[in-house]
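A short write-up of the structure that comes next.
Residue numbers (the numbering used here): 4 to 353.
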């Protein structure tokens, strides 16, 4: 009875006003939609930068801009005073931090963008959470933190000290920074390592989007590592469900945590790390086959070696997530790709 009452109190408190950063982004937009359907009050922020098509970001926001429980603010994470003022004026109770400079390959071209957004920007969010004593900070990490790890499936209990891209290194840094704040200031914080998210309204720099566009234009597609790539493709609706379940379950200190044999996924602080993946890696060539079927066109494949910063395969161990919050993805790659293709044809009027 007591546990049920506590759960109900958490649910009521979570319906208080929260902040979603990166609200115009792929995951942020879908998450805001779902939270609004569930009765949450949201302040969404985004800087609407031109890393990819700004009109797509604005189109996403236009889908939710008129919702009565939603307020959009254009601001960059690096604008420290504006971020702090926002927390002051809006009385933010919980935070889902998704905004970041994304992309592995772009980090080879413009590394400073990753430090500005992913390190300095994240510090501003942590400081705001600290001073306003938010109930729960959920932040986006990435499967890129696994770097040179080869033991599959990737487990949150593994050591991840060998990233092979600056992007992955910034995401690992976010986990370390969040843990320090969790320990020092009793800030409940949960990091989520996303695995290759895809679906409608997706990012134009991701493989599925690029492949779809080029196949329809009858142009060759670049297939890296000579086609010997595997990814744990995770459909957007499954990612969103996982995020919300985690939000509604703030972490508690792990009373069994031992510094002599430290568990990488938890702490004596209120801190947790989870993988969110489909738990079912798919070969890149299989993805292309499915895409060819739904587009009714054959791809012209340009086979290339593995690119710097890329890993040949990803595969998420999600046992902890299933055990702790009851999350298990359910969307097959066939179903998810079809939904993406249907959206792409509708949005671009193909």
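Glycine residues also receive a C-beta, built at the ideal position from the N, C-alpha and C atoms.
Per DSSP, cross-strand counterpart(s) of residue i
i: residue 194; result: 142 and 276
i: residue 49; result: 77
i: residue 304; result: 224
i: residue 238; result: 201
i: residue 21; result: 45 and 97
i: residue 286; result: 233
For residue i, three-class secondary structure by DSSP
i: residue 78; result: coil
i: residue 57; result: helix
i: residue 97; result: strand
i: residue 154; result: coil
i: residue 319; result: strand
i: residue 123; result: helix
i: residue 44; result: coil
i: residue 233; result: strand
i: residue 338; result: helix
i: residue 345; result: helix
i: residue 135; result: helix
i: residue 351; result: coil
i: residue 6; result: For residue 6, the pLDDT reaches just 47, beneath the cut-off of 50, and the residue's location in the model is therefore unreliable, leaving the point undetermined.
i: residue 174; result: helix
i: residue 251; result: coil
i: residue 11; result: Caution applies to residue 11, whose pLDDT of 45 falls short of 50 and renders its modelled position unreliable; the value that the coordinates give is listed next. It is helical.
i: residue 309; result: coil
i: residue 31; result: helix
i: residue 165; result: coil
i: residue 182; result: helix
Inter-residue CB distance, residue i and residue j (contact presumed, cutoff 8 Å)
i: residue 132; j: residue 98; result: 6 Å
i: residue 22; j: residue 95; result: 5 Å
i: residue 250; j: residue 141; result: 5 Å
i: residue 156; j: residue 318; result: 4 Å
i: residue 218; j: residue 287; result: Incorrect: roughly 14 Å between the Cβ atoms, too far for contact.
i: residue 196; j: residue 269; result: Contact doesn't hold; Cβ gap of about 14 Å is too wide.
i: residue 308; j: residue 238; result: Not really, about 29 Å apart at Cβ, beyond 8 Å.
i: residue 267; j: residue 161; result: 7 Å
i: residue 234; j: residue 330; result: In fact, because the Cβ distance is near 20 Å, the residues do not count as touching under 8 Å.
i: residue 274; j: residue 192; result: 5 Å
Exposure of residue i, with buried meaning 16 or more beta-carbon neighbours within 10 Å
i: residue 242; result: buried
i: residue 310; result: exposed
i: residue 264; result: exposed
i: residue 244; result: buried
i: residue 353; result: exposed
i: residue 182; result: buried
i: residue 66; result: exposed
i: residue 185; result: buried
i: residue 112; result: exposed
i: residue 8; result: Confidence at residue 8 is low in this model, with a pLDDT of 39, below 50, so the placement of that residue should be treated as unreliable; the coordinate-derived value is given next. Residue 8 should be labelled exposed.
i: residue 258; result: exposed
i: residue 153; result: exposed
i: residue 57; result: exposed
i: residue 303; result: exposed
i: residue 5; result: Legend: pLDDT at residue 5 = 42, less than 50; position of this residue unreliable, no value from coordinates given.
i: residue 351; result: exposed
i: residue 347; result: buried
i: residue 261; result: exposed
i: residue 187; result: exposed
i: residue 41; result: exposed
i: residue 334; result: buried
i: residue 174; result: buried
Under 8 Å between C-beta atoms of residue i and residue j
i: residue 159; j: residue 276; result: yes
i: residue 70; j: residue 101; result: no
i: residue 202; j: residue 342; result: yes
i: residue 291; j: residue 214; result: yes
i: residue 114; j: residue 179; result: no
i: residue 271; j: residue 284; result: no
i: residue 216; j: residue 315; result: no
i: residue 224; j: residue 305; result: yes
i: residue 80; j: residue 120; result: yes
i: residue 281; j: residue 236; result: yes
i: residue 68; j: residue 49; result: no
i: residue 177; j: residue 125; result: yes
i: residue 344; j: residue 298; result: yes
i: residue 207; j: residue 55; result: yes
i: residue 32; j: residue 63; result: yes
i: residue 148; j: residue 171; result: yes
i: residue 354; j: residue 85; result: The requested residue 354 does not occur in the structure, where the chain is confined to residues 4 to 353.
i: residue 93; j: residue 46; result: yes
i: residue 20; j: residue 44; result: yes
i: residue 212; j: residue 205; result: yes
i: residue 87; j: residue 246; result: no
i: residue 24; j: residue 128; result: yes
CB contact check: residue i to chain B, cutoff 8 Å
i: residue 140; result: Among the chains of the structure shown, chain B does not appear; only one protein chain is present.
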